[in-house]
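The numbering of the sequence shown is the working numbering, which starts it at 15 and goes up by one. We put the beta carbon where it would ideally sit given N, CA and C, even for glycine. Remember, predicted model here, so these are calculated numbers, not experimental data.
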Amino acid sequence: MSLNLIVEVLETNGLLYVALTALTAGIVRGFSGFGTAMIFLPVAGKYFEPVTAIIVLTIMDLCGPALIVPKALRDAYKPDLVRLIGGMVITLPIALYFLMNMETEIFRYIVSILALVLIFVLSTGWRFHRQLNSGALIGLGGLAGVSGGIAGVPGPPVILFYMASIHPVKVIRANNLLFLFGFDIFALFFLSIASVLNIYAVILGLILAIPMGLGNIIGAVLFNPDKEKLYRKIAFLIITLSALTGLPLLSNSFDSFLG
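So, in structure tokens, the structure goes:
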């Protein structure tokens, strides 16, 4: 890894703005437990190509929870986890293929619109109201593979499922964490096989993992269980603003207004 490459990464257009977005996403995740991709990707998609944006997010997401994976493995309900990851692995390569051939503007629309739809669903309080059998769990994992591969957002289908789960909270947290960790590993694996996992994006992800990690710490310090509903509303507001900013139509109008 050469010094010139690091300098090139540090001179990336919009890096400061993206770093501030990573910090904000980290803070929101620290006090609410979700929202990283929905905050980061609409903004990152404005400056990076779709594959680069997904690689950067994946690298950042891997750095954060790596140290707590062993404990999560002890707490997890592994039968659910195996089925969810199994379904995800089936659809993820296909979704990534579409991502690799996607125009940047289309990616930005998909990411932003999906974030807005998910916020609407989460804000209504909708959730699964019945337990899913093995086949349905595999299908749910497959759905997460599609949303994750195309738009970098694998979590919501699984999170919605576990919101109605009978499992203890520590099991739900462990399964969510391990599923997303597994998604990151397989996403990097498939992108590597496709020869699109480049060192530039990896270094960029490692650099942006710093403000992301700092944000996680700040958010965790700010967290107060008695204010959980307030934090959720703040998270919804920030995600909505990020998604609207990421929409090319509104973003271009905003840039024209400033310029």
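- Straight across, the Cα-Cα distance linking N147 with N27 is about 47 Å.
- Segment contact: the region 197-206 against the region 42-55, fewer than three CB-CB distances shorter than 8 Å; contact not assigned.
- The DSSP assignment places 183-207, 213-236 as complete runs of the alpha helix (DSSP H) inside the region 180-252, in order along the chain (cut-off: 4 residues).
- Secondary structure of G153 (DSSP, three-state): helix.
- The alpha-carbon separation between K184 and A36 amounts to approximately 26 Å.
- If you look at T26, you'll find it isn't in any alpha helix (DSSP H); DSSP assigns it neither H nor E.
- DSSP places G49 outside both helix and strand once states are collapsed to three, so it counts as coil.
- Check the Cα spacing between L220 and each of V23, K60, N18, S16: the tightest is with V23.
- For S126, the enclosing alpha helix (DSSP H) has its first and last residue at 118-138.
- Burial state of D240 is exposed, judged by a 10 Å Cβ sphere holding fewer than 16 other Cβ atoms.
- L71 has its alpha-carbon roughly 16 Å from the corresponding atom of L30.
- Going by DSSP, L174 is part of the alpha helix (DSSP H) stretching over 169-176.
- Within the same chain, and ignoring the five residues on either side of D94 in sequence, the residues whose Cβ sits closer than 7 Å to its Cβ are L151, N189.
- Straight through space, the alpha carbons of N238 and I68 are spaced by roughly 31 Å.
- Taking 8 Å as the cut-off, the beta carbon of L236 is found no closer than this to the beta carbon of Y123.
- In terms of CA proximity to I180, Q145 leads the group L228, L87, Q145.
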